[in-house]
Amino acid sequence: MIEAQLLPTPVGPLALLARDGVIVAAGFTADPTDMFVRLSPELRELGLDVVEDLGAPAEAVRAYLAGDLEALDAVPVEQPGTPTRKRLHQTLREVKPGTTVSYAELAERAGMPRTAARAAGSACAQNLIAPFVPCHRVLPSTGGFGGYYYGVPVKEWLLAHESGRA
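With our numbering applied, the sequence shown covers 21 to 186.
Right, dumping it as structure tokens:
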């Protein structure tokens, strides 16, 4: 069974979906099924149950919102992807709160040539576990905030929160 919990945040509800304590999806939506339908068929076969408290993952979100910006780092996550995508997602988790990187820098940190910025952008676009895999910390090298699956205002708030400006 996939268990889901909704948590309030200053930018709207955050849906957490977990399997055996491991986050398999998370996103800024009031409906956990929005995230559930993006899971692999194998995980969707397990079904979805909305619960009152997921325990450690929910506590980590509360701690993050209260100012412990590294609280999400300790929560185990798992999402599908090629070895390249998984390496990029792991590298994203290593980008410290309050800092940002470009897509090319993310690819370089993952040990990929700078020409792999497109792969880094794709990994961010396919990320199912925001903000645990913090794709909001990736900005275009041309300036601005770029896009964000949950809207640029959410990305702006996350970055402001992590830099102490929220």
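We put the beta carbon where it would ideally sit given N, CA and C, even for glycine.
Give the DSSP bridge partners of G47, in chain order. Taking the first residue of the sequence shown as 1, we reach residue 47 at position 27. The partner list for G47 (beta bridge, DSSP) reads A35.
- Query: When DSSP labels each residue in this structure, what does Q17 get in the three-state scheme?
  - Reply: What is shown of the chain runs 21 to 186, which leaves residue 17 out entirely.
Item checked: Contact check, L112 vs P151, beta carbons under 7 Å -> By one-based count along the sequence shown, residue 112 stands at place 92. By one-based count along the sequence shown, residue 151 stands at place 131. No, the pair does not count as a contact, with Cβ atoms beyond the cut-off.
D69 - partner residues in DSSP beta bridges:
To locate residue 69, count along the sequence shown from 1; it is residue 49. Answer by DSSP bridge pairing, in chain order: E23.
Q) Does the beta-carbon of Q110 have 16 or more other beta-carbons within 10 angstroms, so that it is buried, or is it exposed? A) Here the question's residue 110 lines up with position 90 in the sequence shown. With fewer than 16 Cβ atoms within 10 Å of its Cβ, Q110 is classed as exposed.
Alpha helix (DSSP H) runs wholly inside the segment 60-108, at least 4 long, in chain order = Counting whole runs of 4 or more residues, the segment 60-108 contains the alpha helix (DSSP H) stretches 61-64 and 76-85.
Fill in: Start and end residues, alpha helix (DSSP H) containing M132
For the purposes of this step, residue 132 is identified with residue 112 of the sequence shown, where counting begins at 1. No alpha helix (DSSP H) holds M132; DSSP gives it neither H nor E.
Excluding the 5 residues flanking Q99 on each side, which residues of the same chain have their C-beta closer than 6 Å to its C-beta?
One-based indexing of the sequence shown puts residue 99 at position 79. Taken in chain order, the residues that qualify are L148 and I149.
Do L126 and A145 have their C-beta atoms within less than 7 Å of each other?
-> Numbered from 1 along the sequence shown, position 106 holds the residue referred to as residue 126. Numbered from 1 along the sequence shown, position 125 holds the residue referred to as residue 145. Going by C-beta atoms, L126 is not nearer than 7 Å to A145.
| message | Short of 6 Å in beta carbon distance, which residues of its chain neighbour G118, apart from the five on each side in sequence? Order them along the chain. | response | Residue 118 sits at position 98 when you count from the first residue of the sequence shown. Annotation for G118: E182 and S183 place their beta carbon closer than 6 Å to its own, counting only its chain and skipping 5 residues before and after.
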